[in-house]
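Engineer: What follows is a structure written as structure tokens; I'll ask about it next.
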Amino acid sequence: MFHLDRSAILTHDRLKFLHDVVPIDEHLDNIEKFIRICYEEQGWQVAQSRRVIALRATDQDRLSSAFKASLYLGKYRDMANTNRFLHNMVAAGHSYEPIRGESVLFLFIGVGKTVYDHLVTYTVGRPTRIAGGQRANVPWGFELPVEARNPDEYEEELERIRSVIRLAKQERVEQMQAARAKLPVGYIMPPFLMEFSEEALIKTVFRQRLFEKGAQGATVDVVADMLNAVLKIDEEKWSFLIDYHGPHLQQWEKAMRTLRRDKFTLADIADKLGISVDEALERNLYDLLIESVGKLPPSMWERER
Numbered sequence: 085m086f087h088l089d090r091s092a093i094l095t096h097d098r099l100k101f102l103h104d105v106v107p108i109d110e111h112l113d114n115i116e117k118f119i120r121i122c123y124e125e126q127g128w129q130v131a132q133s134r135r136v137i138a139l140r141a142t143d144q145d146r147l148s149s150a151f152k153a154s155l156y157l158g159k160y161r162d163m164a165n166t167n168r169f170l171h172n173m174v175a176a177g178h179s180y181e182p183i184r185g186e187s188v189l190f191l192f193i194g195v196g197k198t199v200y201d202h203l204v205t206y207t208v209g210r211p212t213r214i215a216g217g218q219r220a221n222v223p224w225g226f227e228l229p230v231e232a233r234n235p236d237e238y239e240e241e242l243e244r245i246r247s248v249i250r251l252a253k254q255e256r257v258e259q260m261q262a263a264r265a266k267l268p269v270g271y272i273m274p275p276f277l278m279e280f281s282e283e284a285l286i287k288t289v290f291r292q293r294l295f296e297k298g299a300q301g302a303t304v305d306v307v308a309d310m311l312n313a314v315l316k317i318d319e320e321k322w323s324f325l326i327d328y329h330g331p332h333l334q335q336w337e338k339a340m341r342t343l344r345r346d347k348f349t350l351a352d353i354a355d356k357l358g359i360s361v362d363e364a365l366e367r368n369l370y371d372l373l374i375e376s377v378g379k380l381p382p383s384m385w386e387r388e389r
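In our numbering, the protein residues as written are 85 to 389.
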């Protein structure tokens with residue numbers, strides 16, 4: 085039976101929840117109950133990673149992509165071969181059609197508006213977005229930026245959010261669609277849903293927000309939760325896809341460009357690493373290249389930290 089890991093959400097060190105004005109515990113009780121009824125009891129495997137819950141991955145046991153890959157390749161005798169798409173199509177660099185129509189539905193709880201804005205920019209491969217209209221729903225609190233150096237400086241933001249809730253919901257002086265203009269950009273969104281095709285996840289969302297350096301810290305945290313959630317559902321599939329699209333590709337591309345431009349020899353590589361040529365000859369060549377000419381510069385966020 086699915087149990088929502090509330091501590092991973094409510095005790096997060098950058099989240100400040102407004103339990104005094106929002107019945108958060110009651111909301112979480114109901115969300116947990118209806119995840120069981122609407123997803124788990126219908127046969128879907130539900131997986132949580134901190135603030136992200138994968139409610140429904142349509143390619144259950146990889147059988148749907150197996151059937152489609154077999155049809156694509158004209159292999160009719162073993163259409164339940166769950167390795168065919170990964171080993172015969174991904175490994176060969178062929179079409180991703182078998183998972184283009186397969187999707188994962190994510191529920192986000194305790195995620196700030198800034199991260200929501202980063203994720204909502206993805207429209208291709210995102211068939212579903214369910215976010216409670218801010219005209220009616222209220223924020224749950226405030227999310228401190230990952231890069232915040234003085235957390236105490238943000239205490240006033242919580243009071244700003246409280247005043248908006250009082251203004252619109254308790255005193256009814258203003259409508260929520262007007263009062264929300266007073267909200268700080270880092271307010272915690274009410275729980276929201278986003279669904280992505282598996283192709284969009286591995287080729288775009290995970291690549292741009294996680295594998296490549298430069299994404300904002302809070303967004304990296306949440307997208308890492310998305311990846312961990314799908315790994316819990318099908319570790320073999322997603323580990324295989326990461327191997328072909330993961331963070332090492334950026335290093336490999338840099339290494340190849342550098343080698344082509346500078347025409348390095350093995351002796352040059354050894355010199356960059358501070359080892360002898362004899363030592364280099366004993367080492368794994370791939371590791372040597374990644375550690376030397378494939379080393380990436382720090383991102384803007386890393387430099388600021």
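Each residue gets a CB set at the ideal place from its N, CA and C atoms; glycine is no exception. As the structure is a computational prediction, the values presented were derived from the model and not from experiment.
Quick one: what's got a C-beta closer than 8 angstroms to F101's C-beta in the same chain, skipping five residues either side?
Structural biologist: To locate residue 101, count along the sequence shown from 1; it is residue 17. Take F101, set aside five residues on each side of it, and the residues of its chain with a beta-carbon closer than 8 angstroms to its own are L94, I108, G194, W224, G225 and I272, in chain order.
Engineer: Within 8 angstroms, do at least three Cβ pairs link the region 280–297 to the region 124–133?
Structural biologist: no
Engineer: Say whether the region 192–207 touches the region 252–261, bearing in mind that this needs 3 or more beta-carbon pairs closer than 8 angstroms, one atom from each stretch.
Structural biologist: no
Engineer: Between the alpha carbons of R367 and K338, how many angstroms are there, rounded?
Structural biologist: As a working note, residue 367 is residue 283 in the sequence shown. As a working note, residue 338 is residue 254 in the sequence shown. The alpha-carbon of R367 is positioned some 20 angstroms away from that of K338.
Engineer: What is the rounded straight-line gap between the Cα of V208 and the Cα of L277?
Structural biologist: Here residue 208 is taken as the residue at index 124 of the sequence shown, counted from 1. Here residue 277 is taken as the residue at index 193 of the sequence shown, counted from 1. One C-alpha to the other measures close to 16 angstroms.
Engineer: Report yes if the CB atom of F86 is closer than 7 angstroms to the CB atom of R135, and no otherwise.
Structural biologist: Numbered from 1 along the sequence shown, position 2 holds the residue referred to as residue 86. Numbered from 1 along the sequence shown, position 51 holds the residue referred to as residue 135. Their beta carbons are not under 7 angstroms apart, which means F86 does not touch R135 by this criterion.
Engineer: Which same chain residues end up closer than 6 angstroms to K286 when comparing Cβ atoms and leaving out the 5 residues on each side of it in sequence?
Structural biologist: Numbered from its first residue, the sequence shown carries residue 286 at position 202. The sequence shown places Ile at residue 286, not Lys. These residues qualify, in order along the chain: L325 and H329.
Engineer: Give the DSSP bridge partners of T212, in chain order.
Structural biologist: Indexing the sequence shown from 1 puts residue 212 at position 128. Answer by DSSP bridge pairing, in chain order: E279.
Engineer: Considering just the uninterrupted stretch of the beta strand (DSSP E) at S187, what are its terminal residues?
Structural biologist: What you label residue 187 is simply residue 103 of the sequence shown in a count that begins at 1. From DSSP, the beta strand (DSSP E) with S187 extends over S187 to F192.
Engineer: On the DSSP letters alone, give me the boundaries of the beta strand (DSSP E) that E227 sits inside.
Structural biologist: Stepping through the sequence shown from its first residue, residue 227 is reached at position 143. Segment G225 to E227, the beta strand (DSSP E) holding E227.
Engineer: Within its chain, find whatever has a CB closer than 7 angstroms to the CB of A308; leave out the 5 residues flanking it on each side and keep chain order.
Structural biologist: As a first step, residue 308 must be located in the sequence shown, where it is residue number 224. So the list reads L294, once near-sequence residues are dropped.
Engineer: Take S376 and list the residues in its own chain whose beta-carbon comes closer than 7 angstroms to its own, dropping the five residues that flank it on each side.
Structural biologist: Here residue 376 refers to the residue found at position 292 when the sequence shown is read from its first residue. Excluding sequence neighbours, S376 sits near I353, K356 and L357.
Engineer: Excluding the five sequence neighbours on either side, which residues of its own chain have a C-beta within less than 6 angstroms of the C-beta of I249, listed in chain order?
Structural biologist: Here residue 249 corresponds to residue number 165 of the sequence shown, with the count starting at 1. Excluding positions up to five away in sequence, the list reads V105 and V222.
Engineer: Out of L365, E181 and L139, which one is the CA nearest neighbour of K316?
Structural biologist: In the sequence shown, the residue the question calls residue 316 occupies position 232. Closest in C-alpha terms to K316, from the list L365, E181 and L139, comes L139.
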